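Q: If you read the sequence shown in our numbering, its first letter stands for residue 55, the second for the next number, and so on.
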Amino acid sequence: MDAMGGDLGPRSVVPACVRFLTRFPQAELQLFGPRSQLQSLLINQPPAFRERMEVVDCEQVISQSCNPVHALRHMRESSMARALQSVGDGTCAAMVTSGNTGALLALGRSILGTVEGVRRPALGKSLPTADGSCFLLDLGANIDCSAEDLVQFARMGVEAQRVFSGRESLTVALLNIGAEEHKGTEEIRRAGRLLGSDPSMNYVGFVEGHDIFAGVVDVVVCNGLMGNVAMKSAEGVIRLIGQKTFTIDKKAPIKRFFGQLAIKLLRKWRAQLEPGRYNGASFLGLEGNVIKSHGGASSEAFYRALLTARECAIADLAQRLGKSMALQAQQQTGCD
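#1: Around the C-beta of residue 253, are 16 or more other C-beta atoms found within 10 angstroms, so that it is buried, or is it exposed?
#2: Please state the DSSP three-state secondary structure of residue 282.
#3: Buried or exposed, going by whether 16 or more other CB atoms sit within 10 Å of the CB of residue 308?
#4: Which of the three DSSP states, helix, strand or coil, is assigned to residue 165?
#5: Given a cut-off of 8 Å on the beta-carbon distance, is the pair residue 204 and residue 274 in contact?
#6: Measuring CA to CA, which of 277, 242, 186, 208 is closest to residue 194?
#7: Would you mind stating whether residue 269 and residue 142 have Cβ atoms separated by less than 8 Å?
#8: By alpha-carbon positions, which one of 84, 64, 69 ends up nearest to residue 91?
#9: Between which two residues does the beta strand (DSSP E) containing residue 191 stretch?
#10: Short check: CB of residue 160 to CB of residue 125, under 8 Å?
#11: Quick one: is residue 236 buried, meaning 16 or more other Cβ sit within 10 Å of its Cβ, or exposed?
#12: Does the separation of the CB atoms of residue 134 and residue 153 fall below 8 Å?
#13: Within its chain, find whatever has a CB closer than 6 Å to the CB of residue 172; leave out the 5 residues flanking it on each side and keep chain order.
#14: Below 8 Å, how does it come out for the region 357-366 and the region 59-79: are there three or more Cβ pairs, yes or no?
#15: Does residue 224 come within less than 8 Å of chain C when only Cβ atoms are used?
#16: CA-CA distance, residue 119 and residue 350?
#17: Quick one: using the 10 Å Cβ neighbour count with 16 as the cut-off for buried, is residue 175 buried or exposed?
#18: The alpha helix (DSSP H) spanning residue 271 covers which residue range?
#19: Extract the residue ranges of the beta strand (DSSP E) inside the region 207-239, only unbroken runs of 3 or more that lie entirely within it.
#20: By how many angstroms is the C-alpha of residue 371 removed from the C-alpha of residue 385?
#21: Exposed or buried, which one is residue 98 when buried takes at least 16 other CB atoms within 10 Å?
#22: I believe residue 219 touches residue 187 by the beta-carbon criterion, under 8 Å. Please report the beta-carbon distance rounded to the nearest angstrom.
#23: May I ask you to list the residues that DSSP assigns as paired with residue 362?
#24: Output needed for residue 140: all residues of its chain with C-beta closer than 7 Å, excluding positions within five of it in sequence on either side, in chain order.
#25: Tell me the DSSP secondary structure of residue 261 in three-state form.
#26: Per DSSP, residue 337 forms a beta bridge with which residues?
#27: Would you call residue 376 buried or exposed, if buried means 16 or more other Cβ atoms sit within 10 Å of its Cβ?
#28: Select from 123, 206, 256, 106 the residue whose C-alpha is nearest the C-alpha of residue 383.
#29: Output yes or no for whether 8 Å exceeds the beta carbon distance between residue 260 and residue 227.
#30: Less than 6 Å between C-beta atoms, sequence neighbours within five positions excluded: which residues of the same chain meet that for residue 96?
#31: Distance check for residue 209 and residue 200, CA to CA, integer angstroms please.
#32: Do residue 212 and residue 369 have their C-beta atoms within less than 8 Å of each other?
#33: So, using beta-carbon positions, are residue 114 and residue 132 closer together than 8 Å?
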């Protein structure tokens, strides 16, 4: 994994790795980054853990402000690039990084390549709903998307959600400003027509932002701008719940009395929906399992991203998605 990405760098990565190795005694990890920084954090860990965390010395580190083109041209020996290469050559089954999303996309496409037939890789994540989960993509990798891109995202999202949910029959919807057919941009409406005419898709139409967490659909597809805003808006609401829960104790006695009736439920909801618990988005469409962690991920959040990476590695999501996309392309060619 790229141990240097994100706001906290290895300070959140190393404790998360120790926790991960404690839970999975057979696992081994590679940490990419400056040896001096990583060794100073590893020295206090028990030898049994240090032996299962190989440090790969990389002096180059891609900052959050680094231009993706610059990263592609001049940062090929960075911790991020070397971690991606470890996936490409089969040394590692998956990689995790909290680093620059644009640089990760550019380097990922260059080093790993994309699944045959995939024009644009997309970030997606399985999110909790009222009674299950919903896979949302794209979460920020592609701002402007054509109808064909959205259809492709839907196909990748269905395959990913099959892995994360364990279910085969899944419903798909497009995120829009209304459920009516005339709503939204021309590309969204055209994507709806394309999905509606695809017999391999169980397409149910448009949904709105509040439907994502209501559990009315299994896969929600949108461009990266809409997905990123929806995701971060939800995180903001969850943090607000936490703040309100905390301030209940400071209110006047009568308000505190009624507030205490709801405080346990609020705290339970907040714990279940805490963004860090669902950290780690899959970069679908790359020829390898790549997990993007939140840039400000805590040790708890990075640990959750490691769990997602393990799940993707066990299912070999990248290869599974590649086979699925190839089969769909063959079927489509046969119908033409």
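Don't be surprised by glycine CBs; every beta carbon is placed ideally from N, CA and C.
In this text the structure is predicted, and so the values were computed from the model without any measurement.
A: The short version:
#1: When all chains shown are included, residue 253 counts as exposed.
#2: Helix.
#3: Summary for residue 308: the model assigns pLDDT 49, below 50, so the residue's position carries little reliability; its value from the coordinates is reported in the next sentence. The residue is exposed, with fewer than 16 neighbouring Cβ atoms inside 10 Å.
#4: Correct three-state label for residue 165: helix.
#5: Not a contact, by the Cβ cut-off of 8 Å.
#6: The option with the nearest alpha carbon to residue 194 is 277.
#7: Their beta carbons are not under 8 Å apart, which means residue 269 does not touch residue 142 by this criterion.
#8: In terms of CA proximity to residue 91, 64 leads the group 84, 64, 69.
#9: Where residue 191 is concerned, the enclosing beta strand (DSSP E) stretches over 187-191.
#10: Against a cut-off of 8 Å, the Cβ pair of residue 125 and residue 160 comes out as a contact.
#11: Taking a 10 Å sphere around the C-beta of residue 236, we find fewer than 16 other C-beta atoms and assign the residue as exposed.
#12: Yes.
#13: So the qualifying residues of the chain are 339.
#14: Taking 8 Å as the limit for Cβ pairs, the verdict is that the region 59-79 does touch the region 357-366.
#15: No chain C appears in the structure shown, which is made up of a single protein chain.
#16: CA-to-CA, the gap between residue 119 and residue 350 works out to about 14 Å.
#17: Within a 10 Å sphere around the beta-carbon of residue 175 sit 16 or more other beta-carbons, which makes this residue buried.
#18: Careful: residue 271 lies outside any alpha helix (DSSP H) and carries neither H nor E.
#19: With a minimum length of 3 residues, the continuous beta strand (DSSP E) runs that stay inside the region 207-239 are 225-229.
#20: For residue 385 and residue 371, the distance between alpha carbons rounds to 21 Å.
#21: With fewer than 16 other Cβ atoms within 10 Å, it is exposed.
#22: Rounded, the Cβ-Cβ distance is 6 Å, consistent with contact.
#23: For residue 362, DSSP assigns no beta-bridge partner whatsoever.
#24: If we look at residue 140 and ignore the five residues flanking it on each side, its Cβ neighbours are 84, 146, 149.
#25: Note: residue 261 maps to strand in three-state DSSP.
#26: According to the DSSP secondary-structure assignment, residue 337 is paired through a beta bridge with 177.
#27: Burial call: buried.
#28: If we check each option's Cα against that of residue 383, 206 comes out closest.
#29: Yes; because the gap between Cβ atoms is below 8 Å, this pair is in contact.
#30: Same-chain partners within the cutoff: 104.
#31: C-alpha separation (whole angstroms): 15 Å.
#32: With contacts defined by Cβ atoms closer than 8 Å, residue 212 and residue 369 do not form a contacting pair.
#33: In this structure, residue 132 lies closer than 8 Å to residue 114 by Cβ.
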